[in-house]
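*Asks:* If you scroll down you'll find the structure; I have some questions about it.
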Amino acid sequence: MAKLYFRYGTVGSAKTLNLLAVAHNYQQQGKKALLLKPELDDRWAASTIRSRAGLEKPADILINGDSELKDELFHNIDCVLIDEAQFLPPQVINRLREIATDHQIPVICYGLRTDFRTGLFEGARRLMELADSIEEVKTTCAYCNRKAIFNLKLLDGKATLAGPTIDLGAEEKYLPACHHCYYEQLEVKPTHAATLPGNR
Ligand SMILES: [Zn+2]
32 MAKLYFRYGT VGSAKTLNLL AVAHNYQQQG KKALLLKPEL DDRWAASTIR SRAGLEKPAD
92 ILINGDSELK DELFHNIDCV LIDEAQFLPP QVINRLREIA TDHQIPVICY GLRTDFRTGL
152 FEGARRLMEL ADSIEEVKTT CAYCNRKAIF NLKLLDGKAT LAGPTIDLGA EEKYLPACHH
212 CYYEQLEVKP THAATLPGNR
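Numbering-wise (my numbering), the sequence shown opens with residue 32 and increments by one.
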């Protein structure tokens, strides 16, 4: 049970809702789940883990590149839950790997696999490398009924590849999309997208 998990999905795949449901279950059983999130996510309130469905819980720890995550934080903890894990630096993922093994507690990371240009996030890459269990949280493309695998960025309602990779915007700025629709929506085509394998 003491595994490092990476549960990845596109925007709108209810990852945070899933995280909050797991936290609730632990709480119902009188167990303690520790909630972590990267410090840079300031979409709603800096210290709140909030799902698009409206549910929220306060984060216990905000993590940045300097966070040590000392052992005493994890005594008497039954589970560690992390939101927006794609934004964590690799050294923090390395530390989470140690925590799962040394403290024998499940460490469950939720996050995006890739950015809106289809590139792996740094934190997602390290999780893919170190996690015991990699699970996809699935959702449907915003334009058709295929499974979404990409995050399409919209600027003033138009799909775009422009802007910074880490741009935590409002809900309407990113949509889940399958490969076909992602490619169709973009006026300026990504050079690599044509060579990507098609979505099943
Ligand atoms: Zn589609």
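Quick reminder that beta carbons are idealized off the backbone N, C-alpha and C, glycines included.
Of the choices LYS178, PRO195, PRO69, PRO89, whose alpha-carbon is the least far from that of LEU285?
*Replies:* Nothing can be reported for residue 285, as the shown portion of the chain is limited to 32 through 231.
*Asks:* I'd like to check one pair, GLY154 with VAL123: are the Cβ atoms closer than 9 Å?
*Replies:* yes
*Asks:* Check each residue's C-beta against every heavy atom of ligand 1 and list, in chain order, those closer than 5 Å.
*Replies:* CYS172, TYR174, CYS175, ARG177, CYS209, CYS212
*Asks:* Per DSSP, what are the beta-bridge partners of ARG81 in this structure?
*Replies:* Note: ARG81 sits in a beta bridge opposite GLU87.
*Asks:* Applying the criterion that 16 or more other CB atoms from any shown protein chain within 10 Å of the CB defines a buried residue, is ALA201 buried or exposed?
*Replies:* Because ALA201 carries a pLDDT of 47, less than 50, the predicted location of this residue cannot be relied on, and no value is offered for it.
*Asks:* How about SER78 and THR47: are their beta carbons less than 9 Å apart?
*Replies:* Contact annotation: SER78 and THR47 have beta-carbon atoms that are not nearer than 9 Å.
*Asks:* Rounded to whole angstroms, what's the CA-CA distance from LYS34 to GLU218? Just pull it up for me.
*Replies:* 42 Å
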